[in-house]
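> Numbers in the working numbering are just positions in the sequence shown, counted from 1, shifted up by 21. Built from N, CA and C at the ideal position, the CB exists for glycine as well.
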Amino acid sequence: MKVTLERLPESRVQLEIEVEPDRLERSLDAAYKRLVPTLRIPGFRPGKAPRRIVEQMVGRDRLLSEALDALVPAVYTEALESEEVDPVDQPELEILETEPVRFKATVPVRPTVTLGDYESIRIAPEPVEVTDEMFDEQMEMIRRRFATIAPVERGAEWDDILTADIQGTVEGAPFVQAEDVEFPLR
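1. What three-state label does DSSP hand I74 in the structure shown?
2. Taking C-alpha atoms, which residue in F196, V93 and P172 lies nearest to E203?
3. Pull the bridge partners of P205 from the DSSP assignment, please.
4. Let me check one thing: in DSSP terms, what residues is K69 bridge-paired to?
5. Quick check: the Cα distance between T25 and P129, rounded to an integer number of angstroms?
6. In the DSSP assignment, find the alpha helix (DSSP H) that holds P30 and state where it starts and stops.
7. Rounded to whole angstroms, how far is the Cβ of L56 from the Cβ of V79, which I believe are closer than 8 Å?
8. Express the C-alpha separation of V149 and I142 in angstroms, rounding to a whole number.
9. Hey, does V191 have any beta-carbon neighbour from chain C nearer than 7 Å?
10. Quick one, which of E200, R164, Q198 and A177 has its alpha-carbon nearest L206's?
11. Would you mind working out which of A70, T152 and K125 sits nearest T94, comparing C-alpha positions?
12. Could you check what DSSP says for V109 in three-state terms: helix, strand or coil?
13. How far does the alpha helix (DSSP H) with V93 in it reach, from first residue to last?
14. Do L45 and V122 come within 7 Å of each other at the CB atom, strictly closer than that value?
15. Which same chain residues, not among the five before or five after A199, have their C-beta less than 6 Å away from its C-beta?
16. Could you tell me which of Y53, A91 and E105 sits nearest to R81, measuring between CA atoms?
17. Around the C-beta of V134, are 16 or more other C-beta atoms found within 10 angstroms, so that it is buried, or is it exposed?
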């Protein structure tokens, strides 16, 4: 396998990949073996027709298409590993030639970021003045968040949470029924 890598603008990489003819032939054999059991060819038992006959029946293009469906993703993955490319999305594939197999894969990658001297930048913190009202508001929020619910022996008041069983009917037929439903009074 021959791979040519080209870095493109906007954090993209283009790989041009050429596959050896013997690897294509192995992939064609595998495609033939996947395809032949599904075919009914007169004069042959199912799955027993020779490759030459299968190619005549379905066409070289169909066999080649089956082979490329399996070969291209495998070769693409190998090319990524050999060139140490870390894609962040699916590639755009373009088949350039089928025999020998040559295709282009354009894929986005993580951008190369060069940080400047950010440590020398100093920003003075803005002083925050906390008022009694802000403090009380936050304390009330914390109190509500960590409060426990306990039954009381009095009538309901604002800021209480009622717990009730509910049952609703329409024309005598029940349509909603639930137990221990909480209703905040606010």
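So, from the listed chains and residues:
1. As a first step, residue 74 is located in the sequence shown; it is residue number 53 there, counting from the start. Note: I74 maps to helix in three-state DSSP.
2. One-based indexing of the sequence shown puts residue 203 at position 182. It is P172 whose Cα lies nearest to the Cα of E203.
3. Start at 1 with the first residue of the sequence shown, and residue 205 comes out as number 184. Note: P205 sits in a beta bridge opposite I182.
4. Stepping through the sequence shown from its first residue, residue 69 is reached at position 48. Residue pairing by DSSP places K69 opposite no residue, since no beta bridge is assigned to it.
5. Numbered from 1 along the sequence shown, position 4 holds the residue referred to as residue 25. Numbered from 1 along the sequence shown, position 108 holds the residue referred to as residue 129. Between T25 and P129, the C-alpha separation is close to 16 Å.
6. Position 9 of the sequence shown, counted from the start, is the residue given in the question as residue 30. Premise fails: P30 is in no alpha helix (DSSP H) and is neither H nor E.
7. The residue given as residue 56 occupies position 35 in the sequence shown. The residue given as residue 79 occupies position 58 in the sequence shown. For L56 against V79, the beta-carbon gap comes to about 7 Å, under 8 Å, which counts as contact.
8. Taking the first residue of the sequence shown as 1, we reach residue 142 at position 121. Taking the first residue of the sequence shown as 1, we reach residue 149 at position 128. Between the alpha carbons of I142 and V149 lies a distance of about 21 Å.
9. Note that chain C does not occur in the displayed structure, where there is just one protein chain.
10. The sequence position of residue 206 within the sequence shown is 185, counting from 1. The shortest C-alpha separation from L206 is found at A177.
11. Numbered from its first residue, the sequence shown carries residue 94 at position 73. For the record, residue 94 in the displayed sequence is Pro; it is not Thr. Selected option, being the one with the closest Cα: K125.
12. What you label residue 109 is simply residue 88 of the sequence shown in a count that begins at 1. In the three-state reduction of the DSSP assignment, V109 falls in the coil class.
13. One-based indexing of the sequence shown puts residue 93 at position 72. Element bounds for V93: R81 to E104.
14. Start at 1 with the first residue of the sequence shown, and residue 122 comes out as number 101. Start at 1 with the first residue of the sequence shown, and residue 45 comes out as number 24. Between V122 and L45, the C-beta spacing is below 7 Å.
15. On the sequence shown, residue 199 is found 178 positions in, with the first residue counted as 1. Here the set comprises I187.
16. What you label residue 81 is simply residue 60 of the sequence shown in a count that begins at 1. For R81, the nearest C-alpha among the options comes from Y53.
17. Counting from one through the sequence shown, the residue named residue 134 turns up at place 113. V134 should be labelled exposed.
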